[in-house]
Amino acid sequence: MTHHRLVLPVLLAALALGACSRRQPPPPPPATQDDSEARARAEAEARARAEAEARGRAETEARARAEAAARARAVLEEMIFFDFDRFDIRGDARPVMDQKAAILRANAPVQVRIEGHADERGSVEYNLALGMRRATSARDYLVGFGIDGARLQVVSFGEERPLDPASSEAAWARNRRAEFHVTGGGTELTLPPGVQ
Amino acid sequence: VGGSRDGSTAGVRRLALLALLALLGWPAAVRAQQPQDTSRLPPGVQLGLIHHTAYRPRLAVRTFAGPGAEELRGIVQRDLDLSNRFALVETIPQQLATGAVDYRPWNDMGVVYLVTGELSVRAGALSVRLALHDVVYATLRHEASFRIPVPADGGFRMAAHALSDELVRWATGQPGKAATRIAGIRQAGSLHEIVVVDADGENARRVHGSSSILLSPAWSPDGMRIAFSTATPSGWQVQEVDLTTGQVRAVGGVGSSMTITPTYSPDGRKMVFAVWTGSGTEIHEYDLAQRCCLRRLTRSPRNDLSPGFSPDGRWLVFNSDRLGPPHIFVMPAEGGEPRLVSPFVHGTPGYFTSPEWSPSGNNLIAFHGRSRGNFQIMVADHSRPVAPVQQLTSEGENEDPSWAPDGRHLVYSGVRRDGSGLYVIDTVSGRMRPLITGGRMRVPAWSPPLVRAAALLEPNP
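Line order of the protein sequences matches chains E and C.
Counting with the numbering used here, you get residues 1 to 196 for the letters of the first sequence.
Counting with the numbering used here, you get residues 1001 to 1461 for the letters of the second sequence.
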């Protein structure tokens, strides 16, 4: 009797188990398809997310690099100014000249043309020579930091290309200048540490 | 009797003038022309004219006779006026315009020199019989016949100018400057041009144009070519334009990044210019005839440039900032110890540039210098090293003087309240006139004589 009382629950349990095991492993074909699609979708999504993130990171990095390159170029091409009939690098021009040197050191392929200019006062001819001396003293300053002089072309335009054509102290002060133009190797400039 | 009375009157006039000049003495006359307040001029610079009181004899150009007479007389009359050596009689009285020359009425008018001319056409050209009469001594001073092109011909004006120069020579024994041209650089937008204009301001035209900067034109001694410096992609280079063909060629092949401020030697065999040598420019000579043999003439840690020869070819004047600010120096043409010409006072800024030696043998050197804050035309005498430098201009900014072949007139570029352009000043009388104004004309260069009357003399007068 006791035996029968035991058999029924076990049977029921077995039945239940049988029913259970029949529904779960192995999964029926339609259920299997749904599942792999979802997984693939999830994986693709994850991949896309990762790619987007990577792309975002790359874009951010590229933007940062471009910004750094633009900043490096801006510093490289920033003009400096001189006193009347002088060609020595003024104190206020030294910080940017130092930064130019650092950028040139960090970007070996870069070549720069340095243009010397003068204001309209004095001799047209003497101003040509003065412009050359200004361009050369800018180059010599950079060479003093170990930059190869062959990367730095110098040219003078004398008083022929004023920034400001006016005849005033303010215009003359702007016209007595050296301009720096990147002529080669300027596509992927990097900004060395310490230069902002 | 009347003639002799008139003659003696004129003689008295001359004697009185001589006595007056003797009484004053040249130095006194020079002092008399100086303003009292010279305190703000740079040390060693005087305001004034180079020579002395200028006596200008009265001269009349009688109406010429024959074909082309009016055209020729118009040019000659104006040239003689622009020579600044004569006081021109503006209008000739009708009764004196034609007929045989009677000196008495001219003498009564105070005329010292009378010019007469007769023209005729012979074989498609004009035959000009030109005469200079000395009215005071009632004599024919000089007479000759010349063959010149007809007025419609392009060569007419320059030939007429050559006759004007011959009249100046007959009257004064000095060279004229009418048969010359002046070259300058004009900039119109991005176009740079070498423009050449006749000394009377007529006939301006372009002889070379470029999108590159052009500077420092210099005439060859034969007047056939103009050298200049130009900014090429590889740097500043000296080039030469042939005025007959318009062809341009590079000179020197120096291989420096900057070769500027060319000038020809008086014999035309050499060219001298400034070459950048790494830390400054130095004066070099180049053998034009053999197209070789570049040789350095100066050695300087700074800039030597803008050289110019003395007319005998023995000396070079040049600009250098070896003392700090730019100054004018003279040295032997083959190189050697330079001597300072511009006034140098230690501790004063001083700024003197763009020298040019007078071509007439009077040893004057013109340049421009800073005075009272502006740039002005100045002249120093190479043969009188201790004499003060004379400042000739005082209005506006005036730069880059160039001598006429008469050694008396200078052309320079000026920026004044009433305009800007090229101006001509007579260094003796101080008379100034605009040559070509409006637009940006700079760095003028006065040519040598381009036509000489001797070449126009008729073979069988």
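The beta-carbon is built from N, C-alpha and C at its ideal position, and this holds for glycine as well.
Beta-bridge analysis with DSSP links Asp1198/C to Arg1181/C. For the stretch 130-149 of chain E, the set of residues with a beta-carbon nearer than 8 Å to any beta-carbon of chain C comprises Leu130, Met132, Arg133, Thr136, in chain order. Its chain contains Asp164 as the residues whose beta carbon lies nearer than 8 Å to that of Ala170/E, once the 5 sequence neighbours on both sides are disregarded; these appear in chain order.
Between Pro1266/C and Ala1144/C, the alpha-carbon positions lie close to 30 Å from each other.
Assignment of Val195/E by DSSP, reduced to helix, strand and coil, places it in the coil class. Chain order gives the chain C residues near Ser156/E as Trp1236, Met1258, where near means a beta carbon separation below 8 Å. Between Val1128/C and Leu1119/C a beta carbon distance of about 5 Å is seen, short of the 8 Å cut, so the two are scored as contacting. The criterion of a C-beta distance shorter than 8 Å is not satisfied by Ser1220/C and Pro1262/C. In the structure shown, Glu160/E adopts coil according to DSSP, grouped into three states. Cα atoms of Val112/E and Val1238/C: separation of roughly 25 Å, rounded to the nearest angstrom.
Contact annotation: Ile1283/C and Ala1445/C have beta-carbon atoms that are not nearer than 8 Å. Excluding the 5 residues flanking it on each side, Glu77/E has same chain C-beta neighbours closer than 6 Å at Phe180, in chain order. Cβ neighbours of Arg1085/C within its own chain (closer than 7 Å, five residues either side excluded): Arg1056, Val1168, Thr1172. Among the CB atoms of chain E, one or more fall inside 8 Å of the CB of Arg1442/C. In this structure the stretch 1093-1108 of chain C does not lie against the stretch 1185-1202 of chain C, because fewer than three pairs of beta carbons, one per stretch, are closer than 8 Å. When DSSP reads this structure, Glu1356/C sits in a beta bridge with Ala1366/C. By the C-beta density criterion, Phe1156/C is buried, having at least 16 other C-beta atoms within 10 angstroms. Judged by DSSP in its simplified three-state form, Thr1263/C adopts strand. A buried status is given to His1368/C, since no fewer than 16 other beta-carbon atoms sit within 10 Å of its beta-carbon. Of all residues in the stretch 96-126 of chain E, only Arg121, Gly122, Ser123, Val124, Glu125, Tyr126 come within less than 8 Å of chain C when Cβ atoms are compared, listed by chain position.
Exclusion of the five residues before and after Gly1255/C leaves no residue of its chain whose Cβ lies closer than 6 Å to its Cβ. Taking Gly1324/C as reference, the option from Pro1301/C, Pro1307/C, Ser1310/C with the minimal CA-CA separation is Pro1301/C. Straight through space, the alpha carbons of Asp98/E and Ala68/E are spaced by roughly 17 Å. Between Phe1352/C and Pro1388/C, the C-beta gap is not smaller than 8 Å, which leaves the two residues out of contact.
DSSP places Arg1442/C within a strand segment (E or B) once states are collapsed to three. If you look at Thr1230/C, you'll find it in the beta strand (DSSP E) that goes 1225-1232.
Taken through DSSP and simplified to helix, strand or coil, Tyr126/E comes out as helix. For Ser1320/C, the uninterrupted beta strand (DSSP E) run begins and ends at 1315-1320, by DSSP. The Cβ of Ala1231/C sits closer than 8 Å to at least one Cβ of chain E. Between Ala1204/C and Lys1177/C, the gap from beta carbon to beta carbon reaches 8 Å or more. Excluding sequence positions up to five before and after Pro1175/C, its CB lies within less than 8 Å of the CB of Asp1165, Val1168, Arg1169, Ser1360, Pro1405, Asp1406, Gly1407, Pro1449, all in the same chain and listed in chain order. A residue is called buried once 16 or more other Cβ atoms fall within 10 Å of its Cβ, and Tyr141/E is buried on that count. The beta carbon of Glu160/E falls within 8 Å of a beta carbon belonging to chain C, placing the residue at that interface.
Under the three-state reduction of DSSP output, Asn1107/C falls in the helix class.
For Pro1042/C, the closest Cβ of chain E is not nearer than 8 Å. Put simply, the stretch 179-194 of chain E touches the stretch 113-120 of chain E. At least three CB pairs are less than 8 Å apart.
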